[in-house]
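Enquirer:
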Amino acid sequence: MTPMQDGIDPPESPFHAHLHTNYVPTDAEIDSIRAHLLPCEAELGRLEALIHELSCKRDRLQVYVDSHKALISQPRRVPQDVIQQIFIACLPTRHNAVMNVAEPPLLLGRICSGWRSVAFALPILWASIHIAVDFIDSEEKEVAVVDWLSRASPFPMAISVECGRASGRDDLIDILIPFSSRWSSLDLRNAYATQKHDFHRLAAVEAPMLMDITVAFGDCFTEEEGPDVLSSKIFRGKLLKKIAIASTNPFTLISRHKSCTWDYITDLVLEYLPLSLRQVPVGHYLSDPMVPQDARILLKNCPHLKCLKFPLISSYSDEFPKLLTIACLEALVIESHAPTSVLVGAFLDSIVLPRLTKFHIISRRDNALEGVGTAFTAAIERFRERSPLLSDVHLDRLDFSRAFHFVRGLQKCSSLQKLALVLWTPPVSDERRWCNTSDIDEARLFSILAPNAEDFGWPALEQLSVETQTFDEGTWMTLLHAHLNLRTNLRRFDLHIWHRSTTGSAIEVPAPDLAEVTSAGLDVSVKQSTLILKRATSWEGIQP
Numbered sequence: 001m002t003p004m005q006d007g008i009d010p011p012e013s014p015f016h017a018h019l020h021t022n023y024v025p026t027d028a029e030i031d032s033i034r035a036h037l038l039p040c041e042a043e044l045g046r047l048e049a050l051i052h053e054l055s056c057k058r059d060r061l062q063v064y065v066d067s068h069k070a071l072i073s074q075p076r077r078v079p080q081d082v083i084q085q086i087f088i089a090c091l092p093t094r095h096n097a098v099m100n101v102a103e104p105p106l107l108l109g110r111i112c113s114g115w116r117s118v119a120f121a122l123p124i125l126w127a128s129i130h131i132a133v134d135f136i137d138s139e140e141k142e143v144a145v146v147d148w149l150s151r152a153s154p155f156p157m158a159i160s161v162e163c164g165r166a167s168g169r170d171d172l173i174d175i176l177i178p179f180s181s182r183w184s185s186l187d188l189r190n191a192y193a194t195q196k197h198d199f200h201r202l203a204a205v206e207a208p209m210l211m212d213i214t215v216a217f218g219d220c221f222t223e224e225e226g227p228d229v230l231s232s233k234i235f236r237g238k239l240l241k242k243i244a245i246a247s248t249n250p251f252t253l254i255s256r257h258k259s260c261t262w263d264y265i266t267d268l269v270l271e272y273l274p275l276s277l278r279q280v281p282v283g284h285y286l287s288d289p290m291v292p293q294d295a296r297i298l299l300k301n302c303p304h305l306k307c308l309k310f311p312l313i314s315s316y317s318d319e320f321p322k323l324l325t326i327a328c329l330e331a332l333v334i335e336s337h338a339p340t341s342v343l344v345g346a347f348l349d350s351i352v353l354p355r356l357t358k359f360h361i362i363s364r365r366d367n368a369l370e371g372v373g374t375a376f377t378a379a380i381e382r383f384r385e386r387s388p389l390l391s392d393v394h395l396d397r398l399d400f401s402r403a404f405h406f407v408r409g410l411q412k413c414s415s416l417q418k419l420a421l422v423l424w425t426p427p428v429s430d431e432r433r434w435c436n437t438s439d440i441d442e443a444r445l446f447s448i449l450a451p452n453a454e455d456f457g458w459p460a461l462e463q464l465s466v467e468t469q470t471f472d473e474g475t476w477m478t479l480l481h482a483h484l485n486l487r488t489n490l491r492r493f494d495l496h497i498w499h500r501s502t503t504g505s506a507i508e509v510p511a512p513d514l515a516e517v518t519s520a521g522l523d524v525s526v527k528q529s530t531l532i533l534k535r536a537t538s539w540e541g542i543q544p
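Taking UniProt numbering, the leading residue of the sequence shown gets 1, the next gets one more, and so forth.
(1) Distance, Cα to Cα, Phe-376 vs His-405?
(2) Terminal residues of the continuous alpha helix (DSSP H) containing Val-143?
(3) So what does DSSP say about Ser-519, is it helix, strand or coil?
(4) Straight-line CA distance for Ile-159 to Ile-131?
(5) May I ask you to report which of helix, strand or coil DSSP gives Phe-320?
(6) Using the C-alpha atoms, what's the distance from Leu-486 back to Met-211?
(7) In angstroms with no decimal places, state the Cα-to-Cα distance between Ser-447 and Glu-330.
(8) Check for me: the beta strand (DSSP E) holding Ile-129 runs from which residue to which?
(9) Can you give me the C-alpha to C-alpha distance between Trp-434 and His-496, rounded to a whole angstrom?
(10) In this structure, how does DSSP classify Ser-160 when only helix, strand and coil are distinguished?
(11) How big is the Cα-Cα spacing for Glu-48 and Pro-75?
(12) Determine the contact status of Tyr-272 and His-337, defining contact as a CB-CB distance below 9 Å.
(13) Decide if Ser-117 is buried, meaning its Cβ has at least 16 other Cβ atoms within 10 Å, or exposed.
(14) Among the residues of its own chain, which have a CB less than 7 Å from the CB of Ala-403, if the five just before and after it don't count?
(15) Taking only the alpha-carbon atoms, compute the straight-line gap between Asp-294 and Pro-311 and give it to the nearest angstrom.
(16) Excluding five sequence neighbours on each side, which residues of the same chain lie with their C-beta closer than 7 Å to the C-beta of Arg-364?
(17) Put Ser-232 into one of helix, strand or coil per three-state DSSP.
(18) Short check: CB of Leu-490 to CB of Gln-463, under 9 Å?
(19) Can the beta-carbon of Leu-348 be found less than 9 Å from the beta-carbon of Ile-380?
(20) Under a Cβ-count criterion, where at least 16 other Cβ atoms within 10 Å of its own Cβ denotes burial, should Leu-323 be classed as buried or exposed?
(21) Is it right to say Asn-249 is buried, meaning 16 or more other beta carbons lie within 10 angstroms of its own, or is it exposed?
(22) So which of Lys-258, Leu-305, Lys-300, Phe-251 has the shortest CA-CA distance to Thr-266?
(23) Whose C-beta lies closer than 7 Å to the C-beta of Ile-532 among residues of the same chain, with five residues either side of it excluded?
(24) Residues in its own chain within less than 6 Å of Pro-14 by CB, not counting five upstream and five downstream?
(25) Could you check what DSSP says for Cys-307 in three-state terms: helix, strand or coil?
(26) Which residue's Cα is closest to the Cα of Pro-39: Glu-12, Ser-55, Glu-53?
(27) Should Phe-87 go down as buried or exposed, given a rule of 16 or more other Cβ atoms within 10 Å for buried?
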C-alpha cells in the first residue's frame, strides 16, 4: 500500500488498470480494496471536519464584515425624501394598488425596518386600493383594509372593488362609508357588485372629494325608482366630473313623465348589461326598449353635459318634430345594440351639437347597421353640418358596405382631422361571425376615402386608422398616392390587419414597400396580428 502523499493527494491505486471498466474483482481483491481505502476515508473525514470549522469561521467573519459595511452602505445614506420619491415611483399606474405582499406598497415595507417606517408614514403610498371581496374573507383581512384606508389620511382615496361570488356583502359597505369624506375615485363595476339597498346607503353619504364614480347594478330599478338615482347626494359633489352606471335597464334612470334637471353632471357613461346577464327578481320592472327619445330627454335634463356614452337598444325609431340643441356636449359615444341603423340615423338627425369634437359609434350586433342607404347618408351629412367642430370620428365594428354610407356622409367635413375605422367583427370560435366583404365593397369604401380633383374631400384629415381582416395592398396604396398627389393634410396612416388561423400558427404576409410614400412625408405603420380560431373536435365536453 502506498501512503498518502503529503497527507493530501491520494496514493497510486494498485487497481488502476481495472478502474472505469466492467471488471468484477475476486473476494480477495475486494478485501484488498477495502483495506486500501481505509486511510483515504480517514483523511476525508479529517478534511470534512476542517472544512466545517473553516466555514463556521468564514460565516462569523462575513456577518461581522457585513454588519459594518451596512453602516456605510449607500442606501443608508440616501435622504428620506429621495426614498419617498422612489417608493412613489414604484406604485402601479394602470390600476389601484393590490393587497399583495409581493406588490408595492406592501412589498416596500418588507425590505427593512427603516424602509417600513418610511412606507407606513407616507400616506400617498396608500392612496389607492383594489379590494377583491372574495380575498378579504377573514376578520384579519378586513382589519387590514381598514388600516390601509386609515394610513392614507389625509390624501384622497381611489378605491376599486371586485365582488366576485360575494356580492352584496353589507360589511364591505360598512368598511367603506366611514372614509367617504376622502373618496376620490370609487369603482364598483362588477356586474352584480351593487344591490339596490347597498346603493341607497352609498347614495346618502357626502363625498366632497369624489371626482369619478363607477357603479354596476345587479338589481333592476323600477320605473319610479330609476330617476332618483342620478339625483342622489353622492352624485352632487362639487368636484365630481365623471359618472358611469351599468345596469340591465339603464334608461329607467330617465323619466319620460317626471321632470328632472341634473345640471351638475358633466361626464356620464351609461352601459347596458345584456339579457344573458339579467337576474330579474319576481315583480321587478323590466325597462321599455331604449329609444332615441330617452337619449334626447337625458341630454335635455343635463344642460352642462360635456361627455356622454350611452346604448341604443330599441328596434324601432321615434319621429322628432323639433331639433334639440345641446350647447355644451363635446364628446358623444353610442353603443348600438339595435338591429337596424334607422334609429341611429334618426337620433343623430334630431340633435344639434355646436361644440361636438369627438364622435364614436360601436356596433354591438353583427347586423347593427342594416338598412343603410342614401337616406342614412343624408342624415349623417346633416349631423355633420350641425356639428361644425367635429374633428375626431371612430366607427367601430362595421363592415365595408355599412361603413361606406357612414363615411360618405362625413366626406365633406371641413373640421375632421382624425378618422378611425374598425371594419370587422371578432369571431367567437369559428368563421361565422367574420364580416363578409367583397372587392366591390372595399373599392367603394376606399374610393370615398381617396380625394379627387373634381370633388375634393377630406380637406382637414390628418390621421387615418384602419383595422380590418382583409385589405388589398393595391387599393390602399392608391388611396395614399391620391392624398400625396393632391397634397392633402394627411400625415399619418395606420393599418392593422387581422389574419384568421385555424392551425394554431401565426400568419404574416410580406410587408409592403413603403419607401415611396414615407419619403414623401407620410408616416405609415402596418401591424399584423393573428387570431387563432379554435375548431370544434370530437373531444368537446370531456374534461382533460
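Ideal placement from N, C-alpha and C gives every residue a C-beta, glycine not left out.
Expert: Considering the structure as presented:
(1) 7 Å
(2) 139-151
(3) helix
(4) 8 Å
(5) coil
(6) 47 Å
(7) 30 Å
(8) Counting along the chain, Ile-129 sits inside the beta strand (DSSP E) bounded by residues 128-132.
(9) For Trp-434, the pLDDT reaches just 47, beneath the cut-off of 50, and the residue's location in the model is therefore unreliable, leaving the point undetermined.
(10) strand
(11) 39 Å
(12) yes
(13) exposed
(14) If we look at Ala-403 and ignore the five residues flanking it on each side, its Cβ neighbours are Leu-395, Leu-421, Leu-423, Leu-445.
(15) 10 Å
(16) Glu-335, Ser-336, His-337
(17) coil
(18) yes
(19) yes
(20) exposed
(21) buried
(22) Leu-305
(23) Ser-501, Gly-504
(24) none
(25) strand
(26) Glu-12
(27) Phe-87 is buried by the Cβ-count criterion.
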